[in-house]
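Residue numbers (my numbering), protein chains in the order written: chain A, 58 to 379; chain B, 10 to 339.
What follows is the structure, given as structure tokens:
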């Protein structure tokens with residue numbers, strides 16, 4: 058197991074109280090697995106990813122442990138965690154377009170960053186050039202400033218930089234969101250290529266776009282309002298989801314070959330709860346067509362069948378057929 | 010690149026022409042005229058009054074039509090001739106100003122640069138350190154809100170009158186004649202110190218506050234978070250933040266060089282320090298058109314030059330302005 062998260066709970070401390078952004082997350086990712094992490098805005102996707110690499114105020118760890126490659130990851134210890142960042146865990150941030158210092162040439166910035174991490178830039182230089190060519194960037198861009206690059210080029214540059222030290226775990230946060238459809242495809246294919254070439258071992262791809270995950274992810278995890286709802290292989294999530302939320306989420310996606318002129322595409326009625334003072338128990342129950350008395354207790358995130366985890370009180374098979 | 014500088018140069022030229030015109034107008038808007046003042050001071054009577062009046066009006070060229078005076082003024086500027094001072098008659102204005110300039114430069118350049126340097130570094134150092142932030146912030150706001158004149162008076166009173174550590178008036182001891190001797194240089198330093206300190210203290214507060222706020226902003230920028238996520242040490246993150254926060258401060262420096270003239274005026278008046286500011290006050294008191302024009306002209310040239318230098322520096326330190334320039338040139 059590459060990554061092992063046990064009972065991870067992270068809150069944001071605010072003046073009005075704690076925002077309960079991530080509640081009792083249990084999850085593991087295998088070596089070489091590309092896991093998609095999907096859900097609505099504010100469901101805790103980015104919180105989960107940030108708590109694995111840069112857990113700092115106002116974020117606060119309430120409980121939980123994280124293991125990477127069999128060793129505990131000191132996520133709350135900013136100083137000790139530095140040793141793992143970039144080398145073991147790395148991130149392509151949501152804001153990749155603005156991730157580079159605007160007043161430094163890109164190559165110079167990489168050199169200074171590597172130097173500060175006691176990595177020799179000159180020995181990595183050829184590898185860097187090779188990887189730039191792999192993502193169709195000319196090595197000349199190392200002599201340019203970030204402003205001279207297009208959005209897609211910056212995105213690819215950050216991809217190469219983030220994975221330069223071959224981390225075990227890569228957190229790719231909304232890497233395709235700001236791109237047009239063709240760039241989305243090439244960027245997501247690059248992620249797969251990076252894994253194939255073992256630049257990265259496992260990848261967590263965070264997105265709200267499930268169609269991207271369908272193309273590249275081995276497994277998909279669905280989150281709702283800070284709780285894990287369901288995790289299973291991509292095929293299972295798309296075709297045989299068990300959690301009512303996943304079910305509604307997948308059925309609200311448009312399908313190829315269906316004309317929506319006659320039949321309106323259904324959304325999920327209602328809105329996600331506010332996490333400042335969320336309802337106890339299953340947080341989806343107010344919008345859930347299947348909710349019943351038991352749902353006021355928090356359902357455990359349990360393995361129903363091999364590799365298929367669901368957090369729901371209902372007898373899973375009853376609505377899988379419905 | 011060349012096109013960018015040509016355009017800049019044109020803007021500076023236009024600004025110069027307008028500023029010089031305003032400069033020429035201002036003294037002439039004052040009620041009365043300098044010749045009246047000379048005559049009344051001379052205490053002349055009878056027909057001598059009108060004779061001397063005509064003589065002086067001709068001597069200063071004030072009897073000519075107003076447009077001709079304006080034209081003559083421009084012609085004279087290009088000959089490097091700023092006219093003759095009326096109140097220090099017959100010293101040429103150029104000579105009077107050149108006599109005051111060294112005092113100005115010696116006072117202002119160290120005050121601006123050291124306060125800029127020290128304030129920025131201290132502000133950057135204090136940003137994000139809770140204890141310093143809680144003490145520096147109120148202190149910085151008080152310092153930067155202090156009027157130069159008030160602080161000057163307080164310093165003069167404390168160090169000059171109460172404790173008698175520093176002299177409070179003049180550029181050097183009245184008992185001395187300018188010479189390149191150690192006692193004279195020591196005297197210069199003693200007279201320089203209080204005006205310098207009053208300028209330094211006020212500006213230090215402003216720079217420190219500004220830098221602190223800018224650093225906090227930069228530390229919250231995306232590139233800072235990314236570096237932190239990749240495990241870059243604080244030192245590198247803060248170094249980048251500092252360098253980027255420096256850019257607005259550079260513009261601030263240029264603006265300050267312009268605004269400082271007024272500040273120096275108040276300070277120089279308080280300490281009777283013989284710089285341009287003090288000269289401006291004397292020129293106004295004596296309705297000395299030519300000296301006043303000359304002083305303002307000097308200020309205008311100084312501000313434009315400072316801005317031009319900062320423009321060039323900015324192009325060197327910020328790649329984004331370079332990119333903008335290329336866009337403008339295409």
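Ideal Cβ positions, reconstructed from N, Cα and C, are used throughout, including at glycine.
Does residue 195(A) get closer than 8 angstroms to chain B when you measure Cβ to Cβ?
no
Would residue 327(A) and residue 344(A) qualify as a contact pair, given that the criterion is a beta-carbon distance under 8 angstroms?
yes
When you compare each of 36(B), 88(B) and 89(B) to residue 71(B) by their alpha carbons, which one comes out closest?
36(B)
Use the C-beta contact count for residue 203(B): other C-beta atoms within 10 angstroms, 16 or more gives buried, fewer gives exposed.
buried
Which chain A residues sit within Cβ distance under 7 angstroms of residue 328(B)?
160, 202 and 204
Could you tell me whether the stretch 108-120 of chain A touches the stretch 142-150 of chain A, where touching means 3 or more Cβ pairs closer than 8 angstroms?
yes
Residue of 280(B), 219(B) and 326(B) minimising C-alpha distance to residue 168(B)
280(B)
List, in order along the chain, the chain A residues whose C-beta lies closer than 8 angstroms to that of residue 240(B)?
138, 139, 140, 141, 142, 143, 144 and 174
Grouping DSSP H, G and I as helix and E and B as strand, with all else coil, what is residue 163(B)?
helix
From the DSSP output, in three-state form, read off residue 43(A) for me.
The structure shown does not extend to residue 43(A), since chain A is modelled only from 58 to 379, so the question has no answer here.
Could you tell me whether any Cβ in chain A is nearer than 8 angstroms to the Cβ of residue 252(B)?
yes
Can you grab the Cα-Cα spacing for the pair residue 182(B) / residue 301(B), in whole Å?
27 angstroms
Output yes if chain B places a C-beta closer than 8 angstroms to the C-beta of residue 281(A); else output no.
no
Run down chain B in chain order and give the residues with a C-beta less than 8 angstroms from the C-beta of residue 152(A).
231, 234 and 235
Between the C-alpha atoms of residue 188(A) and residue 222(B), what's the straight-line distance to the nearest angstrom?
39 angstroms
Give the secondary structure of residue 69(A) by DSSP, where H, G and I count as helix, E and B as strand, and everything else as coil.
strand
Fully enclosed by the stretch 230-286 of chain A, which beta strand (DSSP E) runs are 3 residues long or longer?
259-264 and 276-281
Check residue 211(B) in the structure and name its three-state DSSP category.
helix
With a Cβ-Cβ cutoff of 8 angstroms, do residue 86(A) and residue 60(A) count as a contact?
yes
Within 8 angstroms, strictly: CB atoms of residue 240(B) and residue 143(A):
yes
Give a yes or no on whether the C-beta atoms belonging to residue 99(A) and residue 277(A) are separated by under 8 angstroms.
no
Please confirm if residue 262(B) has its CB atom under 8 angstroms from at least one CB of chain A.
no
Residue 359(A) versus residue 368(A): straight-line alpha-carbon distance, rounded:
6 angstroms
Beta-carbon of residue 355(A) versus every beta-carbon of chain B: anything under 8 angstroms?
no
With DSSP collapsed to three states, give me the class of residue 123(B).
helix
Is it right to say residue 175(A) is buried, meaning 16 or more other beta carbons lie within 10 angstroms of its own, or is it exposed?
exposed
Output the residue ranges of the alpha helix (DSSP H) runs that lie fully inside the stretch 199-280 of chain B and measure 4 residues or longer, sorted by chain position.
231-238 and 243-279
Considering only residues of the same chain and omitting the five flanking positions on each side of residue 192(B), which have a CB-CB separation below 8 angstroms?
185
Smallest Cα separation from residue 153(B): which of 128(B), 226(B), 296(B) and 83(B)?
128(B)
By Cβ distance below 8 angstroms, which residues in the same chain neighbour residue 307(A) in space, the five residues on each side in sequence not counted?
267, 294, 295 and 298
Where residue 221(A) and residue 13(B) are concerned, what is the direct C-alpha to C-alpha distance, given to the nearest angstrom?
39 angstroms
With the cut-off set at 8 angstroms, would you say residue 82(A) and residue 332(A) are in Cβ contact?
no
Helix, strand or coil at residue 101(B) according to DSSP, with G and I counted as helix:
strand
Should residue 101(A) go down as buried or exposed, given a rule of 16 or more other Cβ atoms within 10 Å for buried?
buried
Is residue 129(A) helix, strand or coil by DSSP?
strand
Grab me the residues of residue 74(A)'s own chain with a C-beta within less than 8 angstroms of its C-beta, minus the 5 sequence neighbours each way, in chain order.
333 and 334
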